[in-house]
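Heads up, the thing below is written out as structure tokens.
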Amino acid sequence: MSKYYPLINKNSEFDAVILCDGDYPSAEIPLHILRNANFICCCDGAGNKYIRRGKMPNAIVGDGDSMSKNFKRKYKDIIHIETEQDTNDQTKATRFCINKGFKNIAYLGATGKREDHTLGNIGHLTNYRKEFNIKSVMLTDYGYFVSAQGNCRFASFKGQQVSFFNIDCYEFESKGTKWKTHAYKYWWQGTLNEALDDEFEIKSDGSFLVFRTYLSKNTENKIFKN
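Okay, structure coming up:
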């Protein structure tokens with residue numbers, strides 16, 4: 001039986017939201033999810049940003065290198081320092097949330113700023129699915145990434161922009177997309193596809209990432225045109 005991935009909208013619910021220290025969300029959907037989160041875990045310096053906006057997270061997790069001594073002292077009850085450097089703050093926050101029993105996690109603020117951090121944060125989604133067996137969605141101001149494997153169905157809408165990033169597939173076929181797909185060798189080859197209706201399917205033999213936009217191409221062009 002193929003796994004189903006629903007559309008993400010402002011009413012989507014998650015066990016926890018992890019706010020990373022990239023660009024702070026500004027679009028309606030990620031901001032709404034942040035405002036209505038059941039549990040908010042900030043990655044290191046993101047905690048300072050969040051608190052400056054008059055909010056208080058449930059936890060701040062990281063190696064502490066982005067927090068001042070005064071900040072650490074003031075918020076010591078919610079700060080959890082992990083000094084090991086084998087992984088990043090996003091993963092440390094993920095482990096913290098998993099230990100709290102959370103399995104359905106949204107990531108906000110994971111993109112923007114340094115591009116190497118962005119790629120690393122996105123790339124970790126596959127590891128989280130494989131190693132931690134969690135459901136995770138990474139939301140940006142334009143759309144959202146999910147990690148998937150095998151045969152899957154994705155909710156969509158006509159004109160939705162869709163990009164595929166092959167991780168280790170030798171077979172990768174889509175149904176319901178504008179352009180035919182295959183087991184791409186390079187990440188860029190699967191970008192800028194388009195959904196034809198309210199659902200598309202992927203038949204694969206491995207892991208891959210999918211990015212879906214909040215808006216159709218025509219709507220995006222009207223909103224973001226110069």
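Sequence positions in the sequence shown follow UniProt numbering and run 1 to 226. Every residue gets a Cβ at the ideal spot worked out from N, C-alpha and C, and that includes glycine.
Where residue i falls: helix, strand or coil (DSSP)
i	result
residue 84	coil
residue 122	helix
residue 97	helix
residue 35	helix
residue 143	strand
residue 47	helix
residue 111	coil
residue 228	Examination of residue 228 is not possible in this model, given that the chain is present from 1 through 226 alone.
residue 208	strand
residue 181	coil
residue 53	coil
Residue j beta carbon less than 8 angstroms from that of residue i
i	j	result
residue 63	residue 44	yes
residue 7	residue 108	no
residue 90	residue 152	no
residue 61	residue 92	yes
residue 201	residue 163	no
residue 98	residue 134	yes
residue 138	residue 119	no
residue 104	residue 14	yes
Length of the line joining the Cα atoms of residue i and residue j
i	j	result
residue 216	residue 71	42 angstroms
residue 160	residue 195	5 angstroms
residue 147	residue 203	14 angstroms
residue 106	residue 114	21 angstroms
residue 102	residue 86	23 angstroms
residue 75	residue 184	47 angstroms
residue 239	residue 176	Residue 239 lies beyond the range of the chain shown here (1 to 226); nothing can be said about it.
residue 208	residue 130	12 angstroms
residue 55	residue 111	21 angstroms
residue 73	residue 42	17 angstroms
residue 51	residue 166	38 angstroms
residue 187	residue 53	36 angstroms
residue 117	residue 81	20 angstroms
residue 189	residue 199	21 angstroms
residue 168	residue 150	11 angstroms
residue 79	residue 88	16 angstroms
residue 191	residue 127	21 angstroms
residue 136	residue 100	15 angstroms
residue 65	residue 83	9 angstroms
residue 210	residue 69	40 angstroms
Residues of its chain near residue i, where Cβ-Cβ distance is below 7 angstroms and the 5 sequence neighbours each way are ignored
i	result
residue 178	193, 194, 196
residue 24	49, 109
residue 141	25, 26, 27, 30
residue 46	19, 20, 21, 109
8 angstroms Cβ shell around residue i - same chain, five flanking residues per side excluded
i	result
residue 170	183, 205, 206
residue 219	159
Contacts around residue i, its chain only, beta-carbon distance under 6 angstroms, and the 5 residues preceding and following it disregarded
i	result
residue 39	16, 58
residue 4	153
residue 31	25
residue 22	109, 110, 111, 112, 113
Counted within 10 angstroms of its Cβ, other Cβ atoms place residue i as buried (16 or more) or exposed
i	result
residue 214	buried
residue 144	buried
residue 156	buried
residue 212	buried
residue 36	exposed
residue 1	exposed
residue 181	buried
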